[in-house]
Every structure is written in structure tokens, then in C-alpha cells.
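*Asks:*
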Amino acid sequence: MKPLKRPARRAILVVHVSASAGWLGLSLGLLGLSVAAVASGSPAAAEASYRSMAVFANWLMIPVALLTLASGLVLSLGTPWGLARYRWVWTKFWLTLLTTGLTAFSLRPGVNAAADQAAAGIAVADTSGLLAAPIVSLSTYLFMTAISVLKPWGMTRRGRRLRVLATSSKTVDERSLRPTA
1456 MKPLKRPARR AILVVHVSAS AGWLGLSLGL LGLSVAAVAS GSPAAAEASY RSMAVFANWL
1516 MIPVALLTLA SGLVLSLGTP WGLARYRWVW TKFWLTLLTT GLTAFSLRPG VNAAADQAAA
1576 GIAVADTSGL LAAPIVSLST YLFMTAISVL KPWGMTRRGR RLRVLATSSK TVDERSLRPT
1636 A
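Take 1456 as the starting number for the sequence shown in my numbering and just add one per residue.
1) With a CB to CB cut of under 6 Å and the five nearest residues on each side skipped, what residues in its chain are close to Ala1588?
2) Got a sec? Which residues, its chain only, sit under 8 Å from Arg1542 by beta carbon, not counting five neighbours each side?
3) Judging by CA-CA distance, which residue of Leu1557, Ser1482, Phe1560 is the nearest neighbour of Leu1593?
4) Considering just the uninterrupted stretch of the alpha helix (DSSP H) at Phe1598, what are its terminal residues?
5) Tell me whether Met1516 sits in a helix, a strand or coil according to DSSP, three-state version.
6) Using 8 Å for Cβ pairs, my map puts Gly1533 next to Leu1468. What's the rounded Cβ distance?
7) Could you give the distance in angstroms between the alpha-carbon of Ser1559 and the alpha-carbon of Ser1473?
8) Are the CB atoms of Gly1527 and Thr1546 within a distance shorter than 9 Å?
9) Contact between the stretch 1484 to 1493 and the stretch 1506 to 1515: three or more CB pairs below 8 Å?
10) Please specify which runs of the alpha helix (DSSP H), each continuous and at least 4 residues long, are wholly inside the stretch 1536 to 1560, giving them in chain order.
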């Protein structure tokens, strides 16, 4: 991908940071609602909490997760950081992909089932998953925030190889840059 120009890079960075912070905030909100549902002791309060969680999970989490993933990909591919040049970028990519999948295929169905049970007047028997999911996702997002700021671990093997190629004193003619496939 062609390197992003400074105004585009900055705009995409603002989108990425905003979406990431929104995802973290939504997870914190889910955790608060889950704790309220479990600790309230009131069926009406639990139902309201589970229904609110369903709104977060069904309408907000997936679009925000996809926006975070897409903007992160564009940033990584359009800047010198690259997608697989630095371990912290590579780690964030895989964790974002994993949490997006877990949100879509585990969190949403669990929240929707709890909301349906509470609406039918049935007490939600197993609330551990509804507490654990926001705790795990919140911890993951805080970890990704920390490595975004600290940028630990250095370059990947691919990143080191690309750096050596870029700083190599060998001359490269145009024929060697021609795509082969």
C-alpha cells in the first residue's frame, strides 16, 4: 500500500483512537450493567440491565469493533509501522481480530439469551459468562492501549529483514522490483 499523506494519516489515527476508546468504554459499560444485573437482586433491574446490554452488544459493539479493525489495518499498512514489522502492531492486530470474533460469536448470543430469559421472567441461571466477557475484553483493550503507548518488543523477523534490505548498499535496478505474480 502507498504511504498515507500526513493529513490522511492523522484523520485515520483520530478515527482509530476514537473507535478504540469507544470500544473500551462500551466494554466498561457492559461490565457495569452486568454487575448491576447480578448484584441488584431485583428481577426488574436485572431485566433492564440485560436489555441495555443487548442494545450495546447488538447495535454498537460490532460496528465499533469493525471500525477499530479497519482503521488499524489502514494505519498499519499506510505507515512505516507496517502490519508485521513490529511485534506490538502484530499483537494488536491479532487481539483485535480475536476480540471482534468473540464479540460477534460469543458475547452477542450470550447477552441476547440473557435478555430473552429476563424478558420472559426467567432468572438467568449462569451469569458468570456475562461478567467474565466484559472483564476479559476490558483487560484486553487496556493491554492493547498500553502496548500502543509503550511500543515494546522491537521488530519482527520480517521487519528486521526489511530494514536490512532498505539500508543495504546494493543497488537495485527496476527489473528486480517488477512483480512476478
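Think of the CB as a built atom: it goes at the ideal place given N, C-alpha and C, for glycine as much as any other residue.
*Replies:* Well, looking at it:
1) Cβ neighbours of Ala1588 within its own chain (closer than 6 Å, five residues either side excluded): Leu1562.
2) Here the set comprises Pro1607, Trp1608, Gly1609, Met1610, Thr1611.
3) Relative to the Cα of Leu1593, the nearest Cα in the group Leu1557, Ser1482, Phe1560 belongs to Ser1482.
4) Element bounds for Phe1598: 1583 to 1605.
5) DSSP places Met1516 in the helix class (H, G or I) of the three-state scheme.
6) About 10 Å; that fails the 8 Å criterion.
7) According to the sequence as given, residue 1559 is Ala; it is not Ser. If you take the alpha carbons of Ala1559 and Ser1473, they lie about 20 Å apart.
8) The answer is no: Cβ separation not under 9 Å.
9) Yes, the stretch 1484 to 1493 touches the stretch 1506 to 1515.
10) If only complete runs of 4 or more residues are kept, the stretch 1536 to 1560 shows the alpha helix (DSSP H) at 1542 to 1557, in order along the chain.
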